[in-house]
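So the protein lines, in turn, are chains A and B. Residues 171 to 523 (the working numbering) are what the first sequence spells out, left to right. Residues 171 to 523 (the working numbering) are what the second sequence spells out, left to right.
Protein chains: 2
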Amino acid sequence: MKRRNFLNTLLGLIAGTVVSKKSYALDRRQWKMVTSWPKNFPGLGVGAENLANLITKLSNNRITVRVFGANEIVPPLEVFDFVSQGGAELGHSGAYYWKGKSPACQFFSSVPFGLTPQEMNAWLYYDDGIRLWEKLYSRFNLIPRPAGNTGVQMGGWFNKEINSINDLRGLKMRIPGLGGEVLAKAGGIPVTLPGAEIFTALQTGAIDATEWVGPYNDRAFGLYKVAKYYYYPGWHEPGPSIECIINKDAYQSLPEDLKVIVDTACKAVNIDMLADYTAKNNIALNFLKSTNIEIKKFPDDVLKTLREISDSILSDISSHDEITKEIYLSFTEFRDNINSWTEISNKSYLNIR
Amino acid sequence: MKRRNFLNTLLGLIAGTVVSKKSYALDRRQWKMVTSWPKNFPGLGVGAENLANLITKLSNNRITVRVFGANEIVPPLEVFDFVSQGGAELGHSGAYYWKGKSPACQFFSSVPFGLTPQEMNAWLYYDDGIRLWEKLYSRFNLIPRPAGNTGVQMGGWFNKEINSINDLRGLKMRIPGLGGEVLAKAGGIPVTLPGAEIFTALQTGAIDATEWVGPYNDRAFGLYKVAKYYYYPGWHEPGPSIECIINKDAYQSLPEDLKVIVDTACKAVNIDMLADYTAKNNIALNFLKSTNIEIKKFPDDVLKTLREISDSILSDISSHDEITKEIYLSFTEFRDNINSWTEISNKSYLNIR
Numbered sequence: 171m172k173r174r175n176f177l178n179t180l181l182g183l184i185a186g187t188v189v190s191k192k193s194y195a196l197d198r199r200q201w202k203m204v205t206s207w208p209k210n211f212p213g214l215g216v217g218a219e220n221l222a223n224l225i226t227k228l229s230n231n232r233i234t235v236r237v238f239g240a241n242e243i244v245p246p247l248e249v250f251d252f253v254s255q256g257g258a259e260l261g262h263s264g265a266y267y268w269k270g271k272s273p274a275c276q277f278f279s280s281v282p283f284g285l286t287p288q289e290m291n292a293w294l295y296y297d298d299g300i301r302l303w304e305k306l307y308s309r310f311n312l313i314p315r316p317a318g319n320t321g322v323q324m325g326g327w328f329n330k331e332i333n334s335i336n337d338l339r340g341l342k343m344r345i346p347g348l349g350g351e352v353l354a355k356a357g358g359i360p361v362t363l364p365g366a367e368i369f370t371a372l373q374t375g376a377i378d379a380t381e382w383v384g385p386y387n388d389r390a391f392g393l394y395k396v397a398k399y400y401y402y403p404g405w406h407e408p409g410p411s412i413e414c415i416i417n418k419d420a421y422q423s424l425p426e427d428l429k430v431i432v433d434t435a436c437k438a439v440n441i442d443m444l445a446d447y448t449a450k451n452n453i454a455l456n457f458l459k460s461t462n463i464e465i466k467k468f469p470d471d472v473l474k475t476l477r478e479i480s481d482s483i484l485s486d487i488s489s490h491d492e493i494t495k496e497i498y499l500s501f502t503e504f505r506d507n508i509n510s511w512t513e514i515s516n517k518s519y520l521n522i523r
Numbered sequence: 171m172k173r174r175n176f177l178n179t180l181l182g183l184i185a186g187t188v189v190s191k192k193s194y195a196l197d198r199r200q201w202k203m204v205t206s207w208p209k210n211f212p213g214l215g216v217g218a219e220n221l222a223n224l225i226t227k228l229s230n231n232r233i234t235v236r237v238f239g240a241n242e243i244v245p246p247l248e249v250f251d252f253v254s255q256g257g258a259e260l261g262h263s264g265a266y267y268w269k270g271k272s273p274a275c276q277f278f279s280s281v282p283f284g285l286t287p288q289e290m291n292a293w294l295y296y297d298d299g300i301r302l303w304e305k306l307y308s309r310f311n312l313i314p315r316p317a318g319n320t321g322v323q324m325g326g327w328f329n330k331e332i333n334s335i336n337d338l339r340g341l342k343m344r345i346p347g348l349g350g351e352v353l354a355k356a357g358g359i360p361v362t363l364p365g366a367e368i369f370t371a372l373q374t375g376a377i378d379a380t381e382w383v384g385p386y387n388d389r390a391f392g393l394y395k396v397a398k399y400y401y402y403p404g405w406h407e408p409g410p411s412i413e414c415i416i417n418k419d420a421y422q423s424l425p426e427d428l429k430v431i432v433d434t435a436c437k438a439v440n441i442d443m444l445a446d447y448t449a450k451n452n453i454a455l456n457f458l459k460s461t462n463i464e465i466k467k468f469p470d471d472v473l474k475t476l477r478e479i480s481d482s483i484l485s486d487i488s489s490h491d492e493i494t495k496e497i498y499l500s501f502t503e504f505r506d507n508i509n510s511w512t513e514i515s516n517k518s519y520l521n522i523r
């Protein structure tokens, strides 16, 4: 080899090194995650934080994710639009907040008398759930993934005893979404209030009742100090699935392994958050039992009426457009079907344990 | 810069490149996973395959995992020892197979009248479960992770109707582990048979009954062709957790991000396998309903007696040694405690849906 050729080869090798170092640097992404929860809010906010940390660690810092709590960049209910437009690459929220975009969104969090967490994951991962969810969100430039679950919620805090469906007439209750629509049809007055105002509203009698989440989150809010009864079960939200929404352009720019990393982190947080809620709800429930709160079950005939109203409202929703109908049919068919297995497995077992 | 110095610098840079390429090559690991299931066996074997693929993809081939079905390298019940000794880096199996190592192992898969999958994950991830499991397995040079769940199983296939506890006397049933011990105390004759021999044994009357898994796996075995009754619920295995065992030296040799990758892949397969079983059990159940099989619930008083026997057997086990006692107390305290939350959430909701 001539000296000049030798030098050129050496220089070429070095250049190669530099290019490779440069592309390595380019392969580092700094992502933002906006959420609908206060930063580190127990359960939900911790789940967002866990998801961000997991993506960062799994990718060995090739994606570093910084989490922003509600109102740090955008208000809680603008997460969807902000991620859709690319203001942040990731969002952590609940699909039922986006019913204004499409009523079909609600099926991907929770609907009254819907699926338990175990059934929901079966529908999402092994039936048509995620496929339909992706179809619905693709028009908004978003890719959705399940990324958490609170488990079956509680029915709520009441200062009025519910003995018959008539007791819901005129009841002012903080209950958003479909649960609120069902209450309205039963003669009640659903009220929308941000979390921070619930305690005072219940204390002053501005509202007669409120739902929130379950013992773990509700205890921290102190609601047991201003209510008489804590009702179950949470017929209106039997295990809301929490979502991670990913800006589609950001997702599609990822190499294959980073796509798998984002998907898998969501799956891990999905199971993790439910385990967190399950363990902590139980501890908080034990505390609540030591207070003056009376823990009561809604009467069966009240639940039966609420179920009938819920079914009719879901059926009404389905006429909204073609894709809502498709999602409604897939969801309700799966729910009515899975019941025969749940009946002889989980339900039967819990009844005899 | 003098020419010689310049050349030396260039050569140094190239040498650096070579070293870096070499360490890159060294960072590639080819791992083996031995399992207790036939290769690609529905549910369990597919879960092992999914876990291996996920580790490979998440790590972008820095760890490539090759799966071996039962008997390909070692028999199904030698997975524990083989991974412990470093013959393979990973194993996919069920902890109750290792009760000969320590009776405490059984608490990490499933025990009669134990936890549902949701409760089990709460105990493992957010109570003392995984910490105690690691403590137990560390003496075997293994690190355990939950990596799948079959959900609540079925009670089994019977050719004899069970109307009272007396009907269990003399009943020859293929039922391994603690379930078998309970049956024996109830006067039955537990039989151990490998999966491949069950069909013929039931057909020829060599056994009167057999448990297996649930509709999805049982249907594939054709057991509905040779039994009269399909009993529920699976009191003896209310949601076995499936394990991934990792050779401790192999795990500890990993850089931090690969450790997180292995842990997270296990978590993702944990939720995924249960979703798979839930969706497929339901489909298989619908098929079984179209056959001549009668699907029946065990009588309540039979279950009550089995529960009493189970509790006394678990209590006996706890006296084995210090760590078994510690695990027994953690598990049973968690179970008795979580019941108050499950009662007003999942159970109450399923009963009114």
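Note that beta-carbon positions come from the ideal geometry of N, C-alpha and C, so glycine has one too. Since the structure is predicted, the reported quantities are computational estimates derived from the model, not experimental observations.
Selected residue, minimal CA-CA separation from ILE483/A, among PRO410/A, LEU444/A, GLY347/A:
GLY347/A
Flag ALA317/B as yes if its beta-carbon sits less than 7 Å from any beta-carbon of chain A, otherwise no.
no
Limits of the unbroken beta strand (DSSP E) element including PHE328/B
326-328
Closer than 7 Å, CB to CB, is ALA218/B near chain A or not?
no
When DSSP labels each residue in this structure, what does ARG505/A get in the three-state scheme?
helix
Any heavy atom of the ligand GTP within a distance shorter than 6 Å of the CB on THR286/B?
Among the components of this structure there are no ligands whatsoever, and the ligand GTP is therefore not found.
Taking Cβ-Cβ distances shorter than 9 Å, what residues in chain B pair up with ASP427/A?
LYS227, LEU228, SER229, ASN230, ASN231
Where GLN255/B falls, given that 16 or more other Cβ within 10 Å makes a residue buried
exposed
What would DSSP say about GLU464/B, mapped onto helix, strand or coil?
strand
For chain B, check one thing: does any of its Cβ atoms lie closer than 7 Å to the Cβ of VAL383/A?
no
Might you give, ordered along the chain, the residues of its own chain that have their beta carbon closer than 8 Å to the beta carbon of ARG232/B, omitting 5 neighbours on each side?
ASP197, ARG198, ARG199, LEU428
Quick one: what does DSSP say ALA379/B is sitting in, helix, strand or coil?
strand
What separation, rounded to the nearest whole angstrom, lies between the Cα atoms of SER500/A and ASP486/A?
15 Å
Go to PHE252/B, then tell me how far its alpha helix (DSSP H) extends in each direction, as first and last residue.
249-254
In chain A, which residues lie less than 7 Å from PHE283/B when you measure between Cβ atoms?
ARG523
Return yes when the Cβ of ALA240/B is within less than 7 Å of the Cβ of LYS202/B, no when it is not.
no
List, in order along the chain, the chain A residues whose C-beta lies closer than 8 Å to that of GLN288/B?
PRO287, GLN288, GLY321, LEU444, ALA445, THR448
Whole angstroms is fine: what's the gap from ASN311/A's alpha carbon to ALA292/A's?
25 Å
So, is GLY326/B buried or exposed, given that buried needs 16 or more other C-beta atoms within 10 angstroms?
buried
Which partner residues does TRP201/B have in the DSSP bridge list?
VAL235/B
In chain B, which residues lie less than 8 Å from TRP303/A when you measure between Cβ atoms?
Those do not exist, as TRP303/A stays about 15 Å from chain B at its closest Cβ, beyond 8 Å.
Continuous alpha helix (DSSP H) stretch holding LYS407/A: start and end:
Here the sequence assigns Glu to residue 407/A, which means Lys is not the residue at that position. Segment: none, GLU407/A is in no alpha helix (DSSP H) and carries neither H nor E.
With distances taken between CB atoms, is the gap from LEU285/A to ILE497/A smaller than 7 Å?
no
Compute the distance between the beta-carbons of SER598/A and PHE283/A, then report whether it is under 7 Å.
Any answer about residue 598/A is impossible in this case: the structure gives chain A only from 171 up to 523.
Quick one: any contact between the region 344-359 of chain B and the region 374-390 of chain B, if contact means 3 or more CB pairs under 8 Å?
yes
Taking the alpha carbon of LYS353/B as the reference point, which residue from LEU473/B, TYR519/B, THR226/B has its own alpha carbon closest?
The residue asked about is misnamed: residue 353/B is Leu in this sequence, not Lys. Closest by alpha carbon: LEU473/B.
Can you tell me which of GLU492/A, GLU478/A, PHE504/A puts its alpha carbon nearest to the alpha carbon of ILE522/B?
GLU478/A
Could you give the C-beta distance for SER515/A and PRO403/B, rounded to a whole number, given that I count them as a contact under 8 Å?
7 Å
Chain B beta carbons: is any one of them nearer than 7 Å to that of ILE431/A?
yes
Flag this pair as touching only if the region 391-398 of chain A and the region 456-467 of chain A have three or more C-beta atom pairs under 8 Å; answer yes or no.
yes
If you measure between the beta carbons of ARG389/A and ALA445/A, is that distance less than 7 Å?
no
Could you confirm whether any beta carbon from chain A is found closer than 7 Å to the beta carbon of SER515/B?
yes
Please return the same chain residues whose Cβ sits closer than 6 Å to the Cβ of ILE465/A, not counting the five positions on each side in sequence.
TYR400
Kindly say whether LEU138/A, judged by its beta-carbon, lies nearer than 7 Å to any beta-carbon of chain B.
Summary: the structure shown does not reach residue 138/A, with chain A confined to residues 171 through 523, and so no result is reported for it.
So, helix, strand or coil for LEU214/A, using DSSP?
helix
Measure the Cβ-Cβ separation of PRO287/A and GLY409/A and say whether it is below 7 Å.
yes
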